[in-house]
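*Asks:* If you read the protein sequences in the order shown, they are chains A and B.
Reading the first sequence from the start, the letters are residues 2 to 446 in the working numbering.
Reading the second sequence from the start, the letters are residues 60 to 599 in the working numbering.
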Amino acid sequence: MILTLLWTDIMVWTLIFIVGLWGWSVSRSPQVKKQWHTIFRSSIAMASATVLLFYLLFTLLDSVHFRLATPSTDTKSQQVQYGEMTSLLDLLFSHNIKNTERTYSAPFATHEYAQSIIVDENGATKQKYLPLKHVSEDDNVTQKSIFAIFIGLVISGLLIFGHIVWRKRKGFKRELPWRTAYLTLLFLIVIFTWFYMLSYSHHVLGTDKVGGDVLYHSLKSIRTGVLIGILTTLIMLPVAIILGVSAGLFGGWVDDVIQYLYTTLSSIPGVLLIAAGVLSMQVMMDNNPTWFETTLERSDLRLLFLILILGITSWTGLCRLLRAETLKISQIEFVTAAKAFGVGKLTTIRRHIIPNLMHIILISVVLDFSGLVLAEAVLSYVGVGVDPTMHSWGNMINQARLEMAREPMVWWSLFSAFVFMFILVLAANLLSDRIQTVLDPRNKS
Amino acid sequence: MSNILSVENLSLSIDKQRLLKDISFEIKQGEVFALVGESGSGKSLTSLAIMRLLPDVISVSAGDIKLKEKSLFALPEYEMQKIRGRSIAMIFQEPMSALNPVMTVGEQVAEVLKVHLGLKNEAAKRKVISLFKEVSLKDPEERYNWYPHQLSGGQKQRVMIAIALACEPDLLIADEPTTALDVTIQAQVLELLKKIREERNLSILFITHDMAVVSQMADRVAVMKEGEILEEAECKAFFSNPQHPYTKSLLRDAMEKKEDRETKEKSEKLLEIEDLKVHFPIKKGFFQRTVGYVKAVDGVTLSISRGKTLALVGESGSGKSTIGQAILSLVHITHGRVAFENKNLATLSETALKPYRRKIQIVFQDPFSALNPRMTIGNIIREGMVSLGVGPNNRIEQDKYIKELLLKVELEVGYFGRYPHEFSGGQRQRIGIARALAVNPELIICDEPTSALDVSVRAQVLKLLKKLQQESGVSYLFITHDLSIVPIIADEVAVMKEGKIVEQGSVVNVMDNPQHEYTQKLLKSAPKLPNKREKNDNTI
Numbered sequence: 002m003i004l005t006l007l008w009t010d011i012m013v014w015t016l017i018f019i020v021g022l023w024g025w026s027v028s029r030s031p032q033v034k035k036q037w038h039t040i041f042r043s044s045i046a047m048a049s050a051t052v053l054l055f056y057l058l059f060t061l062l063d064s065v066h067f068r069l070a071t072p073s074t075d076t077k078s079q080q081v082q083y084g085e086m087t088s089l090l091d092l093l094f095s096h097n098i099k100n101t102e103r104t105y106s107a108p109f110a111t112h113e114y115a116q117s118i119i120v121d122e123n124g125a126t127k128q129k130y131l132p133l134k135h136v137s138e139d140d141n142v143t144q145k146s147i148f149a150i151f152i153g154l155v156i157s158g159l160l161i162f163g164h165i166v167w168r169k170r171k172g173f174k175r176e177l178p179w180r181t182a183y184l185t186l187l188f189l190i191v192i193f194t195w196f197y198m199l200s201y202s203h204h205v206l207g208t209d210k211v212g213g214d215v216l217y218h219s220l221k222s223i224r225t226g227v228l229i230g231i232l233t234t235l236i237m238l239p240v241a242i243i244l245g246v247s248a249g250l251f252g253g254w255v256d257d258v259i260q261y262l263y264t265t266l267s268s269i270p271g272v273l274l275i276a277a278g279v280l281s282m283q284v285m286m287d288n289n290p291t292w293f294e295t296t297l298e299r300s301d302l303r304l305l306f307l308i309l310i311l312g313i314t315s316w317t318g319l320c321r322l323l324r325a326e327t328l329k330i331s332q333i334e335f336v337t338a339a340k341a342f343g344v345g346k347l348t349t350i351r352r353h354i355i356p357n358l359m360h361i362i363l364i365s366v367v368l369d370f371s372g373l374v375l376a377e378a379v380l381s382y383v384g385v386g387v388d389p390t391m392h393s394w395g396n397m398i399n400q401a402r403l404e405m406a407r408e409p410m411v412w413w414s415l416f417s418a419f420v421f422m423f424i425l426v427l428a429a430n431l432l433s434d435r436i437q438t439v440l441d442p443r444n445k446s
Numbered sequence: 060m061s062n063i064l065s066v067e068n069l070s071l072s073i074d075k076q077r078l079l080k081d082i083s084f085e086i087k088q089g090e091v092f093a094l095v096g097e098s099g100s101g102k103s104l105t106s107l108a109i110m111r112l113l114p115d116v117i118s119v120s121a122g123d124i125k126l127k128e129k130s131l132f133a134l135p136e137y138e139m140q141k142i143r144g145r146s147i148a149m150i151f152q153e154p155m156s157a158l159n160p161v162m163t164v165g166e167q168v169a170e171v172l173k174v175h176l177g178l179k180n181e182a183a184k185r186k187v188i189s190l191f192k193e194v195s196l197k198d199p200e201e202r203y204n205w206y207p208h209q210l211s212g213g214q215k216q217r218v219m220i221a222i223a224l225a226c227e228p229d230l231l232i233a234d235e236p237t238t239a240l241d242v243t244i245q246a247q248v249l250e251l252l253k254k255i256r257e258e259r260n261l262s263i264l265f266i267t268h269d270m271a272v273v274s275q276m277a278d279r280v281a282v283m284k285e286g287e288i289l290e291e292a293e294c295k296a297f298f299s300n301p302q303h304p305y306t307k308s309l310l311r312d313a314m315e316k317k318e319d320r321e322t323k324e325k326s327e328k329l330l331e332i333e334d335l336k337v338h339f340p341i342k343k344g345f346f347q348r349t350v351g352y353v354k355a356v357d358g359v360t361l362s363i364s365r366g367k368t369l370a371l372v373g374e375s376g377s378g379k380s381t382i383g384q385a386i387l388s389l390v391h392i393t394h395g396r397v398a399f400e401n402k403n404l405a406t407l408s409e410t411a412l413k414p415y416r417r418k419i420q421i422v423f424q425d426p427f428s429a430l431n432p433r434m435t436i437g438n439i440i441r442e443g444m445v446s447l448g449v450g451p452n453n454r455i456e457q458d459k460y461i462k463e464l465l466l467k468v469e470l471e472v473g474y475f476g477r478y479p480h481e482f483s484g485g486q487r488q489r490i491g492i493a494r495a496l497a498v499n500p501e502l503i504i505c506d507e508p509t510s511a512l513d514v515s516v517r518a519q520v521l522k523l524l525k526k527l528q529q530e531s532g533v534s535y536l537f538i539t540h541d542l543s544i545v546p547i548i549a550d551e552v553a554v555m556k557e558g559k560i561v562e563q564g565s566v567v568n569v570m571d572n573p574q575h576e577y578t579q580k581l582l583k584s585a586p587k588l589p590n591k592r593e594k595n596d597n598t599i
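(1) When the distance is taken between beta carbons, is residue 356/A closer than 9 Å to residue 431/B?
(2) Using beta-carbon positions only, say whether residue 225/A and residue 387/A come within less than 9 Å of one another.
(3) Please list the terminal residues of the continuous alpha helix (DSSP H) segment that includes residue 410/A.
(4) Hey, quick one: how far does the alpha helix (DSSP H) through residue 217/B stretch, first residue to last?
(5) Taking its Cβ as the centre, do 16 or more other Cβ atoms sit within 10 Å of residue 342/B, making it buried, or is it exposed?
(6) Starting from residue 389/B, find everything on chain A with Cβ-Cβ shorter than 8 Å and list it in chain order.
(7) Does the Cβ-Cβ distance between residue 110/A and residue 136/A come in under 9 Å?
(8) Quick one, which of 576/B, 488/B and 417/B has its alpha-carbon nearest residue 554/B's?
(9) When DSSP labels each residue in this structure, what does residue 434/A get in the three-state scheme?
(10) With a CB to CB cut of under 7 Å and the five nearest residues on each side skipped, what residues in its chain are close to residue 511/B?
(11) So if DSSP puts residue 123/B in a beta bridge, which residue, or which two residues, is it bridged to?
(12) Give me the DSSP bridge partner(s) of residue 421/B.
(13) Does chain B have any CB closer than 9 Å to the CB of residue 218/A?
(14) With a threshold of 16 other CB atoms inside 10 Å of the CB of residue 432/A, please say whether the residue is buried or exposed.
(15) Which residue's Cα is closest to the Cα of residue 226/B: 170/B, 216/B and 257/B?
(16) Is the beta carbon of residue 514/B sitting closer than 9 Å to the one on residue 309/B?
(17) Can the beta-carbon of residue 378/A be found closer than 9 Å to that of residue 393/A?
(18) Quick check: is the beta carbon of residue 352/A nearer than 9 Å to any beta carbon in chain E?
(19) Decide yes or no for the touch test of the region 107–126 of chain B against the region 242–251 of chain B: beta carbon pairs closer than 8 Å, at least 3 of them.
(20) Between residue 487/B and chain A, is there a C-beta pair that is closer than 9 Å?
(21) Between which residues of its own chain and residue 287/B is the CB-CB distance below 6 Å, once the five residues before and five after are set aside?
(22) State the beta-bridge partners of residue 452/B as determined by DSSP.
(23) Take residue 41/A and list the residues in its own chain whose beta-carbon comes closer than 6 Å to its own, dropping the five residues that flank it on each side.
(24) For residue 409/B, decide whether its Cβ has a neighbour in chain A, counting only Cβ atoms nearer than 9 Å.
(25) Quick one: what's got a C-beta closer than 6 Å to residue 189/A's C-beta in the same chain, skipping five residues either side?
(26) Which residues does DSSP pair with residue 86/A in a beta bridge?
(27) For residue 158/B, which option in 219/B, 133/B, 490/B and 203/B has the closest C-alpha, if you only look at C-alpha atoms?
(28) Decide if residue 423/A is buried, meaning its Cβ has at least 16 other Cβ atoms within 10 Å, or exposed.
(29) Within 9 Å of any Cβ in chain A, is that where the Cβ of residue 447/B sits?
(30) Using DSSP with H/G/I as helix, E/B as strand and the rest coil, what is residue 348/B?
(31) Suppose you measure from the CA of residue 15/A to the CA of residue 232/A; what does that come to, to the nearest Å?
(32) Alpha helix (DSSP H) containing residue 248/A: first to last residue?
(33) Residues in the same chain with beta-carbon distance under 7 Å from residue 36/A, minus the five sequence neighbours each way, listed in chain order, please.
(34) Taking just the CA atoms, how far does residue 90/B sit from residue 104/B?
(35) May I ask you to report which of helix, strand or coil DSSP gives residue 550/B?
(36) Exposed or buried, what is residue 206/A when buried is set at 16 or more other beta-carbons lying within 10 Å of its beta-carbon?
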């Protein structure tokens, strides 16, 4: 087995590392720490954060890629053969990858969704619902469900108990609404174990056109959505901060150039830029098929490119905000005092301006996150989003689009993509709302 | 005389905390009743309670307010609406924010007349113009069509008074009506209020923190502190014979104390400014062409001696703060010489300037914006030391040095790791002073350091500044608009008007025997406490 990390994997883990560092620095500043406590004193924020962490967990599970050694048929050769790239999440759901059906089937169904024409022994043609290959008819769903829920309760109970004990030992003074977090966690874990354990014997959320398991699709799509949400901000932030702050602080021609730049950029339709970028990338990749060992690497590069383009087109809004705020802050007397002390421009930016912009940056990052997740869905639907072979909610919707017109309707693909995306975006929006309420100085009165 | 308003045992509270405790007073017909106190004493809350405009979280826990024997708290909201503006009118401290910027001032006054008196367009306009005449606005017909931004601060306050008078109220509440105005304008507005009071036999509830204004305006005075009325008396008796110790200390702090600042032999000149000009270009159009200049400072010559204080006095917009910034090389100097220890700073580059940055420091007006809210007190003071290489190099020694500084400006060592928002205005101003002192400067530019502070805090800060001067021999350039503190702090004084110095000389000469007519006008406009002369005569 060898560990092969994709570009996006490296970026995700770097980001996690940076967030960790930031968290560590936050924990040393009592002022900022207190702010975060205030944010999480709301039970909605606590529940949203739990949901987001759950999504993040799946992203991370899906961001550890490796290639397993395939048992070599030729015993003499010492060369070890490696198969396709898989992630931890793929290992967890390996049974679902294997158990593909022929075509559509509804959630928990035992037979296919549409009738097939078969010719029996007598040579007569008949229309018949074919049974699914990997689902047995005489299965007791209720009994299995009860067992799965029990297991889920035990797991979450252990986790929560462990956390309570740890909290007691640390003796935290400030009270947070842990009970809400525990309830959310309990709910999430029970639902997940129920899905997971039943996925061995059923297609819990049905199957798609080529018989792939929809639950597995939806879970794999989490990575794509979350990645586009957070990595785009990672690319956009430095550009927006550097340009915004320099425009506001230095003024003069620097300000003019940056203003003209973002005015020009924001007057070009975003979709046009993205389509042009993605299509030219596609042409380049098609001309150089030797660049990639696996299809996964190929689609990953396309994802990365999409993230880059989204980042380039979306920094203008934040840059504008930061420029205005920097203009304001640079007129405040503590900046004048720093000038009178002969403090350099860079130190002034680092020490006086950036810390006072932090609330704007944070608020716009969380607000942008949900917008970007939705943007991915729209772009993939239009066909300029991620690679068609990649699991993403946009692709799921795109594929399910034609089946909406079918009678009876195939609803589960669309429904699952919608529910998974909706929960993520809702949680992000609720959390950003709370962060905005607490951090925005205009709300203090 | 009958009582227009009587407040009876009024108590306000938020949760369990009591904000006002048992307030009682009456205002009679045609009387000016002054409510005096420092910030946070509850004076504005009292006025809001009278208008029934208290925020929802604050509840009236006891007491009653009666307007002409009618209890205001018993009225339903729609009747209260009629009382507001019609029977009780209010004028505010900040005329800029009290007027709607997108309506002409005439329309704004007319609106009140239409709503409360039901006047029609033509009649309303005629009434507005007569009101504008009454508040002595020039060219009232023309002013009717002006927007608020076209008027000066004093004119806006006149419009506010016109709105307040529009419906011939029984009671006018004036909440610090002149605090945001310059002295000369303040004198005019106070004069106007007095005139209107006499003409209309109006009752005025005058809320202020300025003892001198009270002595000019009020018939009766009540002093508030922490939600309680400590003393209530006739104006004359109040100033000649204050009863409560707090009142006594307030009056003492507000009093001009002339000190015998022995003028020693001419000491050496620390800073000399010659023919300083600072012109800001006005840029217009697509290519930012310079179409003209704002002459903020226009040919100023002055000098400061070592260990002395020069007070730079002037009204807002006179260019006094720009001089301070020019000395620190924070603005571009158009012309002239700023010589510090005979070295012209105006021509130096930023690196060559660095040694001089250590020697000249600044203390700001607004203690709330002068300190970075994201830094601890210790780090705020440390910043200049590190940047300019003053004091010890290692962190532990620096901490010790900073803690000594904190003690020096009469703060506690424990404040070291705390953040600015935990401190009051006076404490923050001390932190600002400590920050300036940290680099051992020889000249500190004090840009209105006391104008945002309460009277008693102001006295303490001034005392601290003087003490520090005696200890370390630092010089001050004290920029202020408040003439009453000039004799306390300064050795010399320069009076500025429109970018030029009209008069300068020793404090005794200029204050007692002003030569220039602008100085005379300033001194005449400044409100004075009645028994100032006697006090001084007693002490000398």
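All C-beta atoms in this analysis are idealised placements derived from N, C-alpha and C, irrespective of residue type, glycine included.
All values derive from a computational prediction rather than experimental measurement.
*Replies:* According to the structure data:
(1) Position 372 of the second sequence, counted from the start, is the residue given in the question as residue 431/B. Position 355 of the first sequence, counted from the start, is the residue given in the question as residue 356/A. Going by C-beta atoms, residue 431/B is nearer than 9 Å to residue 356/A.
(2) What you label residue 225/A is simply residue 224 of the first sequence in a count that begins at 1. What you label residue 387/A is simply residue 386 of the first sequence in a count that begins at 1. Yes, the Cβ-Cβ distance between residue 225/A and residue 387/A is below 9 Å.
(3) Locating residue 410/A in the first sequence gives position 409, where the first residue counts as 1. Per DSSP, residue 410/A belongs to no alpha helix (DSSP H) and is neither H nor E.
(4) Position 158 of the second sequence, counting from 1, holds the residue named residue 217/B. In this chain, the alpha helix (DSSP H) harbouring residue 217/B covers 212–224.
(5) By one-based count along the second sequence, residue 342/B stands at place 283. The residue is exposed, with fewer than 16 neighbouring Cβ atoms inside 10 Å.
(6) Against the second sequence, residue 389/B aligns to sequence position 330. Those within 8 Å of residue 389/B in chain A are 337, 340 and 341.
(7) Locating residue 110/A in the first sequence gives position 109, where the first residue counts as 1. Locating residue 136/A in the first sequence gives position 135, where the first residue counts as 1. Remark: C-beta atoms of residue 110/A and residue 136/A approach each other more closely than 9 Å.
(8) The residue labelled residue 554/B in the question sits at position 495 within the second sequence. Nearest option by C-alpha distance: 576/B.
(9) Your numbering for residue 434/A matches position 433 in the first sequence. Shown here, residue 434/A sits in a helix according to DSSP, grouped into three states.
(10) One-based indexing of the second sequence puts residue 511/B at position 452. Take residue 511/B, set aside five residues on each side of it, and the residues of its chain with a beta-carbon closer than 7 Å to its own are 424, 425, 426 and 484, in chain order.
(11) Here residue 123/B refers to the residue found at position 64 of the second sequence. 67/B, per the DSSP bridge assignment.
(12) Here residue 421/B is taken as the residue at index 362 of the second sequence, counted from 1. Looking at the DSSP output, residue 421/B sits in a beta bridge with 504/B.
(13) Residue mapping note: residue 218/A aligns to position 217 of the first sequence, counting from 1. For residue 218/A, no Cβ of chain B is located within less than 9 Å of the residue's own Cβ.
(14) Here residue 432/A corresponds to residue number 431 of the first sequence, with the count starting at 1. Buried: at least 16 other Cβ atoms inside 10 Å.
(15) By one-based count along the second sequence, residue 226/B stands at place 167. Minimum Cα-Cα distance from residue 226/B among the listed residues 170/B, 216/B and 257/B corresponds to 170/B.
(16) Against the second sequence, residue 514/B aligns to sequence position 455. Against the second sequence, residue 309/B aligns to sequence position 250. Yes; because the gap between Cβ atoms is below 9 Å, this pair is in contact.
(17) Indexing the first sequence from 1 puts residue 378/A at position 377. Indexing the first sequence from 1 puts residue 393/A at position 392. Yes; because the gap between Cβ atoms is below 9 Å, this pair is in contact.
(18) Any reference to chain E falls outside this structure, whose protein chains are A and B.
(19) The region 107–126 of chain B, when compared against the region 242–251 of chain B, does not touch it at the 8 Å Cβ threshold.
(20) Within the second sequence, residue 487/B is the residue found at index 428, counting from 1. Closer than 9 Å: no.
(21) For this step, residue 287/B is matched to residue 228 along the second sequence. Once the five neighbours on either side are set aside, the close Cβ partners of residue 287/B are 80.
(22) Here residue 452/B refers to the residue found at position 393 when the second sequence is read from its first residue. Per DSSP, residue 452/B has no beta bridge partner at all.
(23) One-based indexing of the first sequence puts residue 41/A at position 40. The answer, listed in chain order, is 47 and 177.
(24) For the purposes of this step, residue 409/B is identified with residue 350 of the second sequence, where counting begins at 1. Residue 409/B belongs to the set of residues whose beta carbon lies under 9 Å from a beta carbon in chain A.
(25) Your numbering for residue 189/A matches position 188 in the first sequence. Closer than 6 Å at the Cβ level, and outside the excluded window around residue 189/A, lie 55.
(26) For this step, residue 86/A is matched to residue 85 along the first sequence. DSSP output for residue 86/A lists 68/A as bridge partner(s).
(27) Residue 158/B sits at position 99 when you count from the first residue of the second sequence. That would be 219/B, whose Cα lies nearest to the Cα of residue 158/B.
(28) Position 422 of the first sequence holds residue 423/A. Exposed, because fewer than 16 other Cβ atoms sit within 10 Å of the Cβ of residue 423/A.
(29) For the purposes of this step, residue 447/B is taken as residue 388 along the second sequence, with counting starting at 1. Contacts with chain A at 9 Å (Cβ-Cβ) include residue 447/B.
(30) Position 289 of the second sequence, counting from 1, holds the residue named residue 348/B. Strand.
(31) Against the first sequence, residue 15/A aligns to sequence position 14. Against the first sequence, residue 232/A aligns to sequence position 231. Each residue's Cα considered, the two are about 10 Å apart.
(32) By one-based count along the first sequence, residue 248/A stands at place 247. Counting along the chain, the alpha helix (DSSP H) containing residue 248/A begins and ends at 215–251.
(33) To locate residue 36/A, count along the first sequence from 1; it is residue 35. The beta carbon of residue 36/A sits closer than 7 Å to those of 439 and 440, all from its chain and outside the five residues before and after it, given in chain order.
(34) In the second sequence, counting from the first residue as 1, residue 104/B sits at position 45. In the second sequence, counting from the first residue as 1, residue 90/B sits at position 31. Answer to the nearest angstrom: the Cα atoms are 21 Å apart.
(35) For this step, residue 550/B is matched to residue 491 along the second sequence. Looking at residue 550/B - three-state DSSP - the assignment turns out to be coil, as it is neither helix nor strand.
(36) Along the first sequence, read from residue 1 onward, the residue named residue 206/A stands at position 205. So residue 206/A ends up on the buried side.
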